[in-house]
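*Asks:* For reference, the structure I am asking about is given below.
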Amino acid sequence: MPGGRRNAASRNGQTKSQANFSVSSNIGIRSNSGERTAGSGADDKKSEEYRGIKALVPKHVPIPVVPIDGHLTFEAVSLVVSIIAASLQMLNLYRTVWWLPHSYNNYSMNFYLIDPYLLIFIITMVARQFIYSLLRRIIDISSPVRWLPTAQKMMRIILLIIVMNILCWCLYHMAERHNSMKIFYLCYPNLSVYFVMFGVSAAPFFDISTPLYSKDEKKTKFLMDKPLHNCSLNASAIRAEVSTLRSDFNRRLKRALFASSSSAYVCGIAPIIFVPQHLHFNVSWVVQHVIMFWLERISAHFSHAYPIRYCDVLHRAALHLGQWVKIENRNSHTYAQAWNDSVLWPHGSVVRHNKEIYRSEVDCEGQQSNELTGYIPGVSGMTPINVTNCINDEIRKNPSLSNPLECARPCHVSDKPKTCYYHFVIERYQVNGQACSLCFPNVTNSICPNCQCIPGDGVNRMALTVNRMIPGPSIQACLNDSIVIDVTNKVLEDAVTIHWHGLFQHESPYYDGVPSVTQCPILTGTTFRYQYRVANPGTHFWHAHTGLHKMDGIFGSLIVRVPRKSDLNRRYFDTDLASHVLVINDWMNEEATERYPGRSTNGITGQLPDALLINGKGLIGANNTILTQAHPDIVVEPNTRHRFRLINSFCTVCPGQLTIEGHNLTVIESDGQPIRPFVVTSIVSFPGERYDFVINTNQRPGAYWIQLRALDNCDSNKTQQLGILQYLGASKKPTSPVPTYSGGLAPGVVLNPLDVSCNTQNPKAICINKLRNAIPIESGLTEPTTDVQFIIPIGFVVIPPDQLFRPNQYRSFLYPGGVDVAATLNGITYQQAPSPPISQPNDVPPSQFCDGDRSNCTDCTCSHMLRIPLNATVEIILVDTSQIPRLTHPFHMHGFAFRVLSMDQPLGPYSNTGNGSTIDVDFVKQLDSSGKIKRNFKSASKDTLAVPNNGYTVIRFRANNAGYWFFHCHFVYHQMAGMELILKVGEQSDLPPVPPNFPRCGNFKAPIKGLDDSDESSSEEETFSSELNLMSEVSTWISSQLSSETDLLNL
């Protein structure tokens, strides 16, 4: 299709007068409704005044008039051709050798073997369209205009009833003569393809040749079932025309494909299905006949659906489209006008959009100079951003840095990577505080802050925030961009680190953000600079990795996009907007430290959340109270396939189930890893998981509920949150009742369901191990065994109070209610090291670390570390031995994405009633040795995975990223209790050099001064210990002397 039109008259070979005539002869064209649509409206005058020049309508070269058959003629010819094709196929199948001298048959075909009901079925199927066209033509001629729609509708209903009765009558008698599988093969392909393409609409069953449109759509955009072209100077009108043509082209394509395939199947393949088994025929002839007839039918339908005049309309519309070219190596004096989407820009126009300058090669309809990706003001309700809010002192000092708005852009292959700068200021701040009386944050607040109000769930409390936002600033960049984040800690009583969840940190393992593993915690009043290149695309997020800071608000989205041409799932969505990032989190009405280790009385016990939030807002607060101040609404364009990015930032033990009223969710990515698309109704996500899904906004414009429910242990409190999916320009209030927790939106087909056997077929449940990766697995991971295998049990150790509260012992513990526990992996509770071993390996004593054999672990509390050779293949089998009902641990691995080969609950979920069995490592080893653990090498890749309750999961990866990588449960209270370990990949020599001036930390234990006889300030305990040692030495010396004297006397 042509890329656009030229503006200057001389380029088209016109004189000035001819050019003017071209304008005057086109701008007065009227649509079928009689309304003038080109060149004379207020929008057109505004466009011309804005530019100061007059845009010209492109010259349309007339084409010869090529006659085409009408609908009735086409259907009549199609009927004749189909009957001939079916007859020839019958001849191929049932032909005789009647011409031979000794033949016992006097007929050319074995007519008695042909099922007459099959013949009636075939004739009915191929004649229905001709009969419909004939009756429609008669009604159009004979019926009054005011009765015409009613008469056509009644005719279609009556004809449908008659045809369906004939077909059912034929199928009934055929079922008496043949087995059911033949009936299935006859009906299923046509029915399944029909319902997939057209749904339950009956119109395409009859009117295959031409699309049917609504009365209003046909009135304004079509004339005699052919789309009109209006040579408009109105950018909105041109955009609407192109959109209509695209939809019409797709509808014609679907109907042409179905009509040709259906005719070939009924006339060519259906007779083969009912051939008696003893009858022999030439298979080659039969197959060639089917192929040749299908090619003839598809050629006929395509030539009828896309006649030359229709293609000319597409060409004329294409001439109005434009093409933008980015100006590289520009100087500061380049003049450019501000971008305006209501302007029809002429050839050679230079505009500025998102800090970049573009030149128009041809007149265009105002289509965005970038793709519908990232931040685009005006699309899906995104408001303009004041760019001054994005600029700070560092960017002013260094112009080569890009601000967050410039980085939230569409990505192109030819673009140079940017260096995106962010400044995170962490502080303790009010939720629903005084700032909320001044403003309310909108959808673009996370890109550039314009409001310091944090609504939360409406409860006033203190939180830990980044730049006074929850979620914090959204990092949105392109693949291979460099990210620089200065993190300033203004929390007086806490140190902090930030982990970039999902980024592998190749060549930058020092910035993974794990305290005392990859860096020292950021102390109050100090600033730490993270800088790395984003080398793996996808939906990620960042969050605090210290204590319970993530639960109190330190988290935000991190989106890494790729050029659309490089996106494996690009054909499934139209937009990938910055405003369609959904960050969900659980929330408490008090700081998270109030519930650690946990209360036994006098307040809320346990660590369950009080509320849920969607993008930091809640329509439902604590105790299911309905709030009016906060509406987490998501605006979408109608009739568009929008890509959404879901980030689960939960911290407690409850997974979240997301359902959107009236819309299916087509999942295309999981944890930043592309998968083969599949359609579900609800997504269950665990802390740390991310899912990309597509919503097709093809419903009636309006508002639809978004329901987020907390499952498992949270169902007793019926914790949920509601949002609104609003079609642009439609009502903001849904027409359906407010969903309740128990009587809410139907979950339908669920991804990642709870307590479901993943090795059995269940059409309503899709487990993670059933997903299919869009990228083939590495060959080394498909071997029967791997270089390294770890079987890691997950569990808790109950600590009796008399052991936990001994004097001078201070063991970490968690009190979820009832008992005190410590969390373990392979029986080891993780203890933080005093210094990060990645940068200070010589400052950490070897006794600090232990591994799975626990040979150097005395109390099973240490810095748990598993050592893996660089580039080794690794298999980890996680076994849930927690023996806690309704608890599913989500495990996150830093530095890698792993393949989920298997997961199951062979003994079912754990029950504390004693009715079920509990799983253990020996049981899993027995399953594996007997070959009962089936490994699926086509499965999806993830970096966060929930281990089934009382079950196991098998993951594999190649350890090709040297570093110290954390592997832990993503329930923050379980992390606090020690459910984590370190995967050390490679040796210290395999790591990149430590960054210059990298912060150091560790224990400080200087020698105690004055430990001698004259120092009276020595402690009593140390003096007593010294005296005991001295007395012991004296006693030994005396004993030796006495022994010597005894020897002398004896001598």
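Residue numbers (UniProt numbering): 1 to 1051.
Yeah, the Cβ is synthetic: ideal placement off N, Cα and C, and Gly gets one too.
Residues bridged to residue 413 by DSSP?
*Replies:* Taking the first residue of the sequence shown as 1, we reach residue 413 at position 413. None; residue 413 has no bridge partner.
*Asks:* On the criterion of 16 or more Cβ atoms from any shown chain inside 10 Å, does residue 801 qualify as buried, or is it exposed?
*Replies:* Locating residue 801 in the sequence shown gives position 801, counting from the first residue. Answer is exposed; the Cβ neighbour count stays below 16.
*Asks:* Could you give the DSSP three-state label for residue 221: helix, strand or coil?
*Replies:* One-based indexing of the sequence shown puts residue 221 at position 221. Any reading at residue 221 must be qualified, since the residue scores a pLDDT of 40, below 50, and its modelled position is unreliable; the value itself is stated next. Helix.
*Asks:* Between residue 1002 and residue 835, how many whole angstroms is the CB-CB distance? I'm expecting something under 8 Å.
*Replies:* As a working note, residue 1002 is residue 1002 in the sequence shown. As a working note, residue 835 is residue 835 in the sequence shown. With a Cβ gap of about 4 Å, residue 1002 and residue 835 count as contacting.
*Asks:* Using 8 Å as the threshold, is the segment 519-536 in touch with the segment 441-460, meaning 3 or more CB pairs across them?
*Replies:* The segment 519-536, when compared against the segment 441-460, does not touch it at the 8 Å Cβ threshold.
*Asks:* Could you tell me the alpha carbon to alpha carbon distance between residue 156 and residue 132, rounded to whole angstroms?
*Replies:* Locating residue 156 in the sequence shown gives position 156, where the first residue counts as 1. Locating residue 132 in the sequence shown gives position 132, where the first residue counts as 1. Between residue 156 and residue 132, the C-alpha separation is close to 8 Å.
*Asks:* Buried or exposed, going by whether 16 or more other CB atoms sit within 10 Å of the CB of residue 1027?
*Replies:* As a working mapping, residue 1027 is identified with position 1027 in the sequence shown. Legend: pLDDT at residue 1027 = 45, less than 50; position of this residue unreliable, value from coordinates given subsequently. With fewer than 16 Cβ atoms within 10 Å of its Cβ, residue 1027 is classed as exposed.
*Asks:* Where does residue 112 sit, in a helix, a strand or coil, going by DSSP?
*Replies:* Within the sequence shown, numbered from 1, the residue matching residue 112 stands at position 112. Note: residue 112 maps to helix in three-state DSSP.
*Asks:* Closest by CA to residue 266, which one among 142, 376, 86, 241?
*Replies:* As a first step, residue 266 must be located in the sequence shown, where it is residue number 266. Closest by alpha carbon: 86.
*Asks:* Mind reading off the beta-carbon distance from residue 655 to residue 953? Whole number of angstroms is fine, and I expect it under 8 Å.
*Replies:* Within the sequence shown, numbered from 1, the residue matching residue 655 stands at position 655. Within the sequence shown, numbered from 1, the residue matching residue 953 stands at position 953. Rounded, the Cβ-Cβ distance is 15 Å, inconsistent with contact.
*Asks:* Taking the C-alpha atoms as reference points, what is the distance between residue 544 and residue 181?
*Replies:* As a position in the sequence shown, residue 544 is number 544, starting the count at 1. As a position in the sequence shown, residue 181 is number 181, starting the count at 1. Cα to Cα, residue 544 sits roughly 60 Å from residue 181.
*Asks:* In three-state DSSP terms, what is residue 431?
*Replies:* Taking the first residue of the sequence shown as 1, we reach residue 431 at position 431. DSSP places residue 431 in strand when its eight states are reduced to three.
*Asks:* Work out the CA separation of residue 844 and residue 1004 for me, nearest whole Å.
*Replies:* Here the question's residue 1004 lines up with position 1004 in the sequence shown. Here the question's residue 844 lines up with position 844 in the sequence shown. Between residue 1004 and residue 844, the C-alpha separation is close to 12 Å.
*Asks:* Only counting runs of 4 or more residues, tell me where the alpha helix (DSSP H) segments fall wholly within the segment 737-810, in order along the chain.
*Replies:* Fully enclosed alpha helix (DSSP H) runs of 4 or longer: 801-804.
*Asks:* Just to check my reading of the structure: residue 638 and residue 701 have Cβ atoms closer than 8 Å, yes? What is that Cβ distance to the nearest angstrom?
*Replies:* Here the question's residue 638 lines up with position 638 in the sequence shown. Here the question's residue 701 lines up with position 701 in the sequence shown. That belief holds up - the Cβ atoms of residue 638 and residue 701 are roughly 5 Å apart, short of 8 Å.
*Asks:* If you follow the beta strand (DSSP E) that residue 501 is in, where does it begin and where does it stop?
*Replies:* As a working mapping, residue 501 is identified with position 501 in the sequence shown. Looking at the DSSP string, the run of the beta strand (DSSP E) that includes residue 501 is 498-501.
*Asks:* Which partner residues does residue 533 have in the DSSP bridge list?
*Replies:* Your numbering for residue 533 matches position 533 in the sequence shown. Partner(s): 482.
*Asks:* Determine the DSSP secondary structure at residue 176, reduced to helix, strand or coil.
*Replies:* Position 176 of the sequence shown holds residue 176. In the structure shown, residue 176 sits in a helix (DSSP, three-state: H, G or I).
*Asks:* Less than 8 Å between the C-beta atoms of residue 569 and residue 674, yes or no?
*Replies:* By 1-based counting over the sequence shown, the position of residue 569 is 569. By 1-based counting over the sequence shown, the position of residue 674 is 674. A contact, by the Cβ cut-off of 8 Å.
*Asks:* Leaving out five residues before and five after residue 520 in sequence, what residues of the same chain have Cβ atoms less than 7 Å from its Cβ?
*Replies:* Locating residue 520 in the sequence shown gives position 520, where the first residue counts as 1. Excluding sequence neighbours, residue 520 sits near 836, 999, 1000, 1001.
*Asks:* Alpha carbon to alpha carbon, how far is residue 160 from residue 90?
*Replies:* In the sequence shown, the residue the question calls residue 160 occupies position 160. In the sequence shown, the residue the question calls residue 90 occupies position 90. Their Cα atoms are separated by approximately 28 Å.
*Asks:* Could you tell me whether any Cβ in chain C is nearer than 8 Å to the Cβ of residue 827?
*Replies:* Although the question refers to chain C, the structure presented lacks it and comprises just one protein chain.
*Asks:* Just how far apart, CA to CA, sit residue 188 and residue 168?
*Replies:* For the purposes of this step, residue 188 is identified with residue 188 of the sequence shown, where counting begins at 1. For the purposes of this step, residue 168 is identified with residue 168 of the sequence shown, where counting begins at 1. Answer to the nearest angstrom: the Cα atoms are 14 Å apart.
*Asks:* Mapping DSSP to helix, strand and coil, what is residue 300?
*Replies:* Within the sequence shown, the letter at position 300 stands for residue 300. Residue state, collapsed to three classes: helix.
*Asks:* Report yes if the CB atom of residue 409 is closer than 8 Å to the CB atom of residue 590, and no otherwise.
*Replies:* As a working note, residue 409 is residue 409 in the sequence shown. As a working note, residue 590 is residue 590 in the sequence shown. Contact flag unset, no.
*Asks:* Looking only at its own chain, which residues have a Cβ that is under 8 Å from the Cβ of residue 24, when we skip the five neighbours before and after it?
*Replies:* Along the sequence shown, read from residue 1 onward, the residue named residue 24 stands at position 24. Note that residue 24 scores a pLDDT of 27, beneath 50, so its modelled location is shaky and nothing firm can be said.
*Asks:* Compare the Cα-Cα distances from residue 695 to each of 905, 967, 722, 666 and report the closest residue.
*Replies:* What you label residue 695 is simply residue 695 of the sequence shown in a count that begins at 1. It is 666 whose Cα lies nearest to the Cα of residue 695.
*Asks:* Taking a contact to mean a Cβ-Cβ separation below 8 Å, would you say residue 390 touches residue 398 in this structure?
*Replies:* Within the sequence shown, numbered from 1, the residue matching residue 390 stands at position 390. Within the sequence shown, numbered from 1, the residue matching residue 398 stands at position 398. In this structure, residue 398 does not lie closer than 8 Å to residue 390 by Cβ.
*Asks:* Can you tell me which of 895, 934, 948 puts its alpha carbon nearest to the alpha carbon of residue 881?
*Replies:* Taking the first residue of the sequence shown as 1, we reach residue 881 at position 881. Taking only the C-alpha atoms, the option nearest residue 881 is 948.
*Asks:* With DSSP as the reference, label residue 120 as helix, strand or coil.
*Replies:* Residue 120 sits at position 120 when you count from the first residue of the sequence shown. Reduced to three states, the DSSP call for residue 120 is helix.
*Asks:* What's the C-alpha gap between residue 130 and residue 79?
*Replies:* Residue numbering aside, residue 130 sits at position 130 when the sequence shown is read from its first letter. Residue numbering aside, residue 79 sits at position 79 when the sequence shown is read from its first letter. About 7 Å.
*Asks:* Given a threshold of 16 other Cβ atoms within 10 Å of its Cβ, counted over all protein chains shown, does residue 393 qualify as buried or as exposed?
*Replies:* Within the sequence shown, residue 393 is the residue found at index 393, counting from 1. That one is exposed.
*Asks:* For residue 760, is the classification buried or exposed, using 16 other Cβ atoms within 10 angstroms of its Cβ as the cut-off for buried?
*Replies:* In the sequence shown, residue 760 corresponds to position 760, counting from 1. So residue 760 ends up on the exposed side.
*Asks:* Please tell me whether, using a cut-off of 7 Å, the distance from the CB of residue 815 to the nearest non-hydrogen atom of the ligand FMN is below it.
*Replies:* Ligands in the displayed structure: none, and consequently the ligand FMN is not present.
*Asks:* Which residue wins for smallest C-alpha separation from residue 480, given the options 518, 514, 437, 563?
*Replies:* If you number the sequence shown from 1, residue 480 lands on position 480. Of the candidates 518, 514, 437, 563, the one whose C-alpha sits nearest the C-alpha of residue 480 is 563.
*Asks:* Hey, how far is the Cα of residue 776 from the Cα of residue 937?
*Replies:* Along the sequence shown, read from residue 1 onward, the residue named residue 776 stands at position 776. Along the sequence shown, read from residue 1 onward, the residue named residue 937 stands at position 937. Their backbone Cα atoms lie some 9 Å apart in a straight line.
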